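Visitor: Take a look at this one; I'll ask things after.
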Amino acid sequence: MPKKGRVFSGARPTGKQHLGNYLGAIRNYVALQDDYDCVYCIVDVHALTTVDTTQDLKQNTVEMALDWLAAGIRPEETILFIQSHVPEVMELHTYLSMVTQMGKLTDLPTFKEKLAQQPENANYGLLGYPVLMTADIVLYKSDIVPVGIDQAPHLEFAREIVRSFNYRYNTKVLIEPQVKHTEVLKVLGIDGKAKMSKSLNNHIELAATPEETTARVREMVTDPARVKRTDPGNPDICNVFSMHKIFSPQDEVDMINVECRRAGIGCVDCKMRFAANLNKHLELFRAERAELASKPDYVTDVLNDGASRARVIAQQTMKEVREAMALP
Ligand code: SF4
């Protein structure tokens, strides 16, 4: 069946992935492969805007790629590669920066947030981030970019840059990417308060052992009103119950929904049931990951092959871009 177009998405190399990454992005990446030609990029250059050292960059890239592949990214059809391996993106970024107004970049809320987070490192990369992001997308002639509702303004900005470029050079060479709204689940961490995140250490790693996973689940915060085992609880405000709804069989979810409210089930028992279901759910993923990790150079070969295929598209785009700009 012919595919509906080309999807592009990029993510920073954050190392081993956690449940929040899986539910928020990876499973969507996997599903999109059925309908679209997918280009997935590990954006190591973007990462340089915030990291102090590149020491872990390589390892984090390999670990993340392993998780994606084990979760179902199919490298024989999907292009999976590292951003810096296709240097054409830097050139396009430079050309796009000439049609992007400074005032618009400095006004972006994300730029202001980043500045506030790292006032001691107010580098140019933070300012130019949306321009490089636009270059990432349009270099591969992407039709669609999957984004959550909160990310939509960034895409609109990318579309503006494309329009400015095409207008300036009286061309249609760059494609305005369309937004594909995706439901991005906000997954809370084991603290039950903040979004699951490695930096907050409230995450559950996909590739953890069953024992490690169970230990993390045991730490999960539940309904604070349940101080004693005999106190009735409210599953509607409990993060463990939210997770049950995703990973547990419906009859078990229904049972907990009833029994929690009349203290018929304790939180320890409830959490252990969730841990067992989660471990079962991740069994195949973990076996696949171990198998892929045991093959020497497998991930490197996949990423190199992806970069070669991405570069073919990128070089063609840049040829057209330079022609449109009438560069000498
Ligand atoms: Fe949450 Fe389960 Fe405890 Fe109810 S029994 S508060 S759903 S952990």
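Following my numbering, the numbering of the sequence shown begins with 137 at its first residue and continues without gaps.
Backbone N, C-alpha and C define an ideal beta-carbon position, used for all residues, glycine too.
Here the structure is a predicted model, which is why all the values come from computation and not from measurement.
1) Comparing the CB of residue 396 with every heavy atom of ligand 1, is any distance shorter than 7 angstroms?
2) Any heavy atom of ligand 1 within a distance shorter than 7 angstroms of the CB on residue 376?
3) With H, G and I counted as helix, E and B as strand and the rest as coil, what does DSSP make of residue 406?
4) Using the Cβ count rule (16 or more neighbours within 10 Å means buried), how would you classify residue 215?
5) Pick from 224, 173, 381: whose alpha carbon is nearest that of residue 282?
6) Do residue 390 and ligand 1 come close, with the Cβ less than 7 angstroms from some heavy atom?
7) Kindly identify the DSSP beta-bridge partner or partners of residue 147.
8) What is the rounded straight-line gap between the Cα of residue 363 and the Cα of residue 355?
9) Residues in the same chain with beta-carbon distance under 7 angstroms from residue 186, minus the five sequence neighbours each way, listed in chain order, please.
10) Between which residues of its own chain and residue 261 is the CB-CB distance below 7 angstroms, once the five residues before and five after are set aside?
11) Can you look up residue 188 in the DSSP assignment and give me helix, strand or coil?
12) Going straight from the alpha carbon of residue 316 to that of residue 398, what length do you get?
13) So, at 8 angstroms on beta carbons, what are the nonlocal neighbours of residue 201 in its own chain, with the 5 sequence-adjacent residues on each side left out?
14) How is the beta strand (DSSP E) around residue 317 delimited, first residue to last?
15) Indicate whether residue 170 and residue 197 have their beta-carbon atoms separated by less than 8 angstroms.
16) Any heavy atom of ligand 1 closer than 7 angstroms to the beta-carbon of residue 369?
17) Using the three-state DSSP reduction, which class does residue 281 fall into: helix, strand or coil?
18) With C-beta atoms as the reference, is residue 229 less than 8 angstroms away from residue 291?
19) Report buried or exposed for residue 411, applying the criterion of at least 16 other Cβ atoms within 10 angstroms of its Cβ.
20) DSSP on residue 268, reduced to helix/strand/coil?
21) Say whether the segment 416-428 touches the segment 189-196, bearing in mind that this needs 3 or more beta-carbon pairs closer than 8 angstroms, one atom from each stretch.
22) Kindly confirm or deny that the segment 305-325 and the segment 449-462 touch, where touching means at least three C-beta pairs closer than 8 angstroms.
23) In this structure, does DSSP put residue 467 in helix, strand or coil?
24) In chain order, what are the residue ranges of uninterrupted alpha helix (DSSP H) at least 4 long that sit wholly in the segment 362-428?
25) Would you report the Cα separation of residue 273 and residue 391, rounded to the nearest angstrom?
26) Residue 401: beta carbon under 7 angstroms from a heavy atom of ligand 1?
27) Classify residue 311 as helix, strand or coil using the three-state DSSP reduction.
28) Compare the C-alpha of residue 337 against each of 365, 382, 156 and name the closest.
Guide: Short version:
1) Yes, the beta carbon of residue 396 sits closer than 7 angstroms to at least one heavy atom of ligand 1.
2) yes
3) helix
4) buried
5) 173
6) no
7) Residue pairing for residue 147: DSSP places it in a beta bridge opposite 178.
8) 15 angstroms
9) 254
10) 184, 185
11) Of the three classes helix, strand and coil, the one that applies to residue 188 here is coil, per DSSP.
12) Cα to Cα, the separation comes out at about 43 angstroms.
13) 178, 216, 435, 438, 439
14) 314-317
15) no
16) Answer for residue 369: yes, Cβ within range of ligand 1.
17) strand
18) no
19) buried
20) helix
21) Here the segment 416-428 does not lie against the segment 189-196, with fewer than 3 beta-carbon pairs under 8 angstroms apart.
22) yes
23) Examination of residue 467 is not possible in this model, given that the chain is present from 137 through 464 alone.
24) 375-383, 386-395
25) Cα to Cα, residue 273 sits roughly 46 angstroms from residue 391.
26) yes
27) coil
28) Considering only 365, 382, 156, the residue with the shortest C-alpha distance to residue 337 is 156.
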